[in-house]
Amino acid sequence: MNICAFIGDMFRDYSSIIIKTLMTITKERGYRLDIFGNCAVPSENPLHAEGLRSILAVPVLSDYDGIILCSDTLNHAGLSKVLMDRLKNTEDLPPVVSIRSDEEGFYNIIPDNKGIMYEVTRHMIDACGSGDIGFLMGREDLKDSHERLEGFKQAMSEAGFEVSDDLIFHGNYWINQGPETADYFIKEHGSLPRGIVSSNDYMAVGLLDELIIRGYKIPEDVMIAGVDNQPLSATRVPTLTTFEIPGDYLASTAVDTLEKLIAGKEVPAHIGVPGNLIVRESTGGKWELDLNETYSRLDKLQREYYDKTFAFVHLSSEYEDALSFESSIRLTLTNLMEDSFFSEGYLCRYCENDRSIMGYFAGGNADISDKRFSNDKLLPDELYGDGTGTYIYMPIYYKNEVYGYCALKTTGEVRTFFDERLEFILMLFGQSLNRLRLYDKLFEVADVIDLYVRDELTGLFNRRGFENKISALLKNRDPDAPKVAVSSIDMDGLKYINDTFGHAAGDAAIKAVASSISSALTGKEFVSRMGGDEFEAVLILDNPGRIGQFIRAIRKNLEDENERLNAPYKASVSIGICEVADWNSLMDSINEADKAMYTEKRIKKNRSI
Numbered sequence: 002m003n004i005c006a007f008i009g010d011m012f013r014d015y016s017s018i019i020i021k022t023l024m025t026i027t028k029e030r031g032y033r034l035d036i037f038g039n040c041a042v043p044s045e046n047p048l049h050a051e052g053l054r055s056i057l058a059v060p061v062l063s064d065y066d067g068i069i070l071c072s073d074t075l076n077h078a079g080l081s082k083v084l085m086d087r088l089k090n091t092e093d094l095p096p097v098v099s100i101r102s103d104e105e106g107f108y109n110i111i112p113d114n115k116g117i118m119y120e121v122t123r124h125m126i127d128a129c130g131s132g133d134i135g136f137l138m139g140r141e142d143l144k145d146s147h148e149r150l151e152g153f154k155q156a157m158s159e160a161g162f163e164v165s166d167d168l169i170f171h172g173n174y175w176i177n178q179g180p181e182t183a184d185y186f187i188k189e190h191g192s193l194p195r196g197i198v199s200s201n202d203y204m205a206v207g208l209l210d211e212l213i214i215r216g217y218k219i220p221e222d223v224m225i226a227g228v229d230n231q232p233l234s235a236t237r238v239p240t241l242t243t244f245e246i247p248g249d250y251l252a253s254t255a256v257d258t259l260e261k262l263i264a265g266k267e268v269p270a271h272i273g274v275p276g277n278l279i280v281r282e283s284t285g286g287k288w289e290l291d292l293n294e295t296y297s298r299l300d301k302l303q304r305e306y307y308d309k310t311f312a313f314v315h316l317s318s319e320y321e322d323a324l325s326f327e328s329s330i331r332l333t334l335t336n337l338m339e340d341s342f343f344s345e346g347y348l349c350r351y352c353e354n355d356r357s358i359m360g361y362f363a364g365g366n367a368d369i370s371d372k373r374f375s376n377d378k379l380l381p382d383e384l385y386g387d388g389t390g391t392y393i394y395m396p397i398y399y400k401n402e403v404y405g406y407c408a409l410k411t412t413g414e415v416r417t418f419f420d421e422r423l424e425f426i427l428m429l430f431g432q433s434l435n436r437l438r439l440y441d442k443l444f445e446v447a448d449v450i451d452l453y454v455r456d457e458l459t460g461l462f463n464r465r466g467f468e469n470k471i472s473a474l475l476k477n478r479d480p481d482a483p484k485v486a487v488s489s490i491d492m493d494g495l496k497y498i499n500d501t502f503g504h505a506a507g508d509a510a511i512k513a514v515a516s517s518i519s520s521a522l523t524g525k526e527f528v529s530r531m532g533g534d535e536f537e538a539v540l541i542l543d544n545p546g547r548i549g550q551f552i553r554a555i556r557k558n559l560e561d562e563n564e565r566l567n568a569p570y571k572a573s574v575s576i577g578i579c580e581v582a583d584w585n586s587l588m589d590s591i592n593e594a595d596k597a598m599y600t601e602k603r604i605k606k607n608r609s610i
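Taken in order, the sequence shown gives residues 2 to 610; the numbers are from the numbering used here.
As structure tokens, this is what we get:
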């Protein structure tokens, strides 16, 4: 069985537990596991997230027997929404099992978020002996945040206590809001609520640490409890009361569920996950904690932090010295080989009409390569050996410029795991590729700024050019200015043209489409080639019929281009258009335009059957 998994924040505690469990089970059962995702999200800029999103489009979903989805680890920069849209619009989609997040239309293995928070809150009420209890809510855009808030409110109501809105802090599920949370709950005279319940351990620990820094005592001054039983909850002083939702159980149940579905067995849409309350010192519980061991662990963590900081500085210096593509690739391979978690690695590059392996390491050796393979393959078939094992795929990119992806085969051993260093390597490699491409242009052409934002084949703006133009157009736009729309335009049948008539014919068709779109624009409108057969146009809706005019002009221009080419194929496009309300809704509008475009493409496909 071949399983595809989408997991973000890979080296975080929860994600690493899921990955290790999936690796162990699939190895025991002789399956292949392909994991797609990221280590972290360095930027929330919706345009700079293009590189992160690119990895979600790499696998051919219908090639797998089943898909495991951890969408709540991909909630940054709109990654989860992009993935869900792709899954729901994919024909011949295999069974999808979602872990910890309730996703409509799929099978879900989820904890009872409301029940969990109800139990934690009941414990807090009993421990405090009062209803003076605050609540740390998770992210507003996540369903489980609201379910946990409901559980808190129900427990408080049944105990006869009202929930005051000013005792609910709206957080982000991460540890970095400790100071902000402390400021929110500390009253003018310095007192705190008697207890504070957090939607997860990370926010609870962030608050606990900050209060201790400010001189408060836990649990004497305030009791704190979290949820999820992250490893850090048992190593803090004092230890944190929490609720355990075992990640290994979630992952193993996901694989078992896929097996049942593939075997044709009936499976409920929602599968509950058991858990248990763990009472520790932060709410007055007893906990056997070896202080010497704890201080040793903290000292080790501090040393590791400095080591990682130094490693990043050192890596940055090494990549600055890599002044050629070959030296940058070799440096990346050398650094990846040092991670004992991986036995093989392949740096894959997106080309105009296919993909290539830039370099690889295997068997203790590394080398430069230019092995070409088809766009519908992750790697050449011969590299998969017996067809089992775990492969991890992560993007190679710089901001919104996507270069390819890194495919890493694990050793199968879960005693070790990769960390932030892998993220550093791939991030610096992407930066290096971006810089070296710019250097190449500098030595050939004076107008490097124009080349930096232009597509070489068509002369249109590239992704970077699109970002610059759309930012200038939408940011601080006059509300009285004409409305703006985005148009997603996709060539029809480019793969057929390339495969049947050759890549030169494909290039000619791409340029014909580019010319047809450009000629349909007016005034300050512009179009960018986003990659391959994808174009994005921006329209100024300065008259009621502008959208119709644009579409008709493209169709007419394409007729003229096809007559001029006199080729054995016809260049055509599918078009989707959506108005843009403002800068913040840009990506949503592009997604809606994409949906409309793919709807037209499906209609054309159905007509041809």
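Just so it is clear, CB atoms sit at the ideal spot from N, CA and C, and this is done for glycine as well.
Alpha carbon of residue i to alpha carbon of residue j, nearest angstrom
{"i": "Ser375", "j": "Arg356", "result": "6 Å"}
{"i": "Arg608", "j": "Lys82", "result": "30 Å"}
{"i": "Glu593", "j": "Glu104", "result": "20 Å"}
{"i": "Tyr497", "j": "Asp508", "result": "13 Å"}
{"i": "Leu53", "j": "Lys115", "result": "32 Å"}
{"i": "Tyr32", "j": "Leu23", "result": "10 Å"}
{"i": "Ile591", "j": "Tyr404", "result": "21 Å"}
{"i": "Thr254", "j": "Asp35", "result": "18 Å"}
{"i": "Val539", "j": "Ile100", "result": "38 Å"}
{"i": "Gly460", "j": "Ala41", "result": "34 Å"}
{"i": "Lys21", "j": "Ile518", "result": "49 Å"}
{"i": "Tyr599", "j": "Pro381", "result": "29 Å"}
{"i": "Ala568", "j": "Lys525", "result": "33 Å"}
{"i": "Asn469", "j": "Asp387", "result": "47 Å"}
{"i": "Asp595", "j": "Phe418", "result": "38 Å"}
{"i": "Tyr453", "j": "Val514", "result": "22 Å"}
{"i": "His504", "j": "Glu457", "result": "15 Å"}
{"i": "Ser297", "j": "Gly207", "result": "21 Å"}
Within 9 Å, strictly: CB atoms of residue i and residue j
{"i": "Cys349", "j": "Tyr406", "result": "yes"}
{"i": "Ile111", "j": "Val256", "result": "no"}
{"i": "Gly532", "j": "Leu495", "result": "no"}
{"i": "Ser283", "j": "Ala363", "result": "no"}
{"i": "Tyr108", "j": "Ala264", "result": "no"}
{"i": "Asp133", "j": "Arg195", "result": "yes"}
{"i": "Gly179", "j": "Asp202", "result": "no"}
{"i": "Ile69", "j": "Phe170", "result": "no"}
{"i": "Gly139", "j": "Arg149", "result": "yes"}
{"i": "Ile471", "j": "Met492", "result": "no"}
{"i": "Leu423", "j": "Phe37", "result": "no"}
{"i": "Leu241", "j": "Val223", "result": "no"}
Burial state of residue i (16 or more Cβ within 10 Å)
{"i": "Glu327", "result": "exposed"}
{"i": "Gln303", "result": "exposed"}
{"i": "Leu324", "result": "exposed"}
{"i": "Thr335", "result": "exposed"}
{"i": "Val446", "result": "For Val446, the predicted structure reports a pLDDT of 43, less than 50, and the residue's modelled location is therefore unreliable. A value from the coordinates is still provided. Classification of Val446: exposed, given that the 10 Å Cβ count is below 16."}
{"i": "Phe311", "result": "exposed"}
{"i": "Val61", "result": "exposed"}
{"i": "Asn544", "result": "exposed"}
{"i": "Glu562", "result": "buried"}
{"i": "Gly191", "result": "exposed"}
{"i": "Tyr119", "result": "buried"}
{"i": "Tyr361", "result": "buried"}
{"i": "Ser317", "result": "exposed"}
{"i": "Met585", "result": "For the sequence presented, residue 585 should be read as Asn rather than Met. Exposed, because fewer than 16 other Cβ atoms sit within 10 Å of the Cβ of Asn585."}
{"i": "Ala408", "result": "buried"}
{"i": "Asp481", "result": "exposed"}
Beta bridge counterpart(s) of residue i as assigned by DSSP
{"i": "Cys579", "result": "Val487"}
{"i": "Glu402", "result": "Tyr399"}
{"i": "Glu260", "result": "Its beta-bridge partners do not exist; DSSP assigns none."}
{"i": "Glu221", "result": "Answer by DSSP bridge pairing: none, since Glu221 is not bridged."}
{"i": "Arg373", "result": "Ser357"}
{"i": "Val574", "result": "Met492"}
{"i": "Phe362", "result": "Gly346 and Ala367"}
Nearest-angstrom beta carbon gap, residue j and residue i [assumed within contact, 8 Å]
{"i": "Thr411", "j": "Ile426", "result": "That pair is no contact at about 16 Å."}
{"i": "Leu143", "j": "Asn76", "result": "7 Å"}
{"i": "Ile4", "j": "Asp66", "result": "7 Å"}
{"i": "Ile225", "j": "Leu209", "result": "5 Å"}
{"i": "Ser396", "j": "Asn39", "result": "The question names Ser, yet the displayed sequence has Pro at residue 396. Indeed, because the Cβ distance is near 7 Å, the residues count as touching under 8 Å."}
{"i": "Glu535", "j": "Ser575", "result": "Wrong, their Cβ atoms sit about 11 Å apart, outside the cutoff."}
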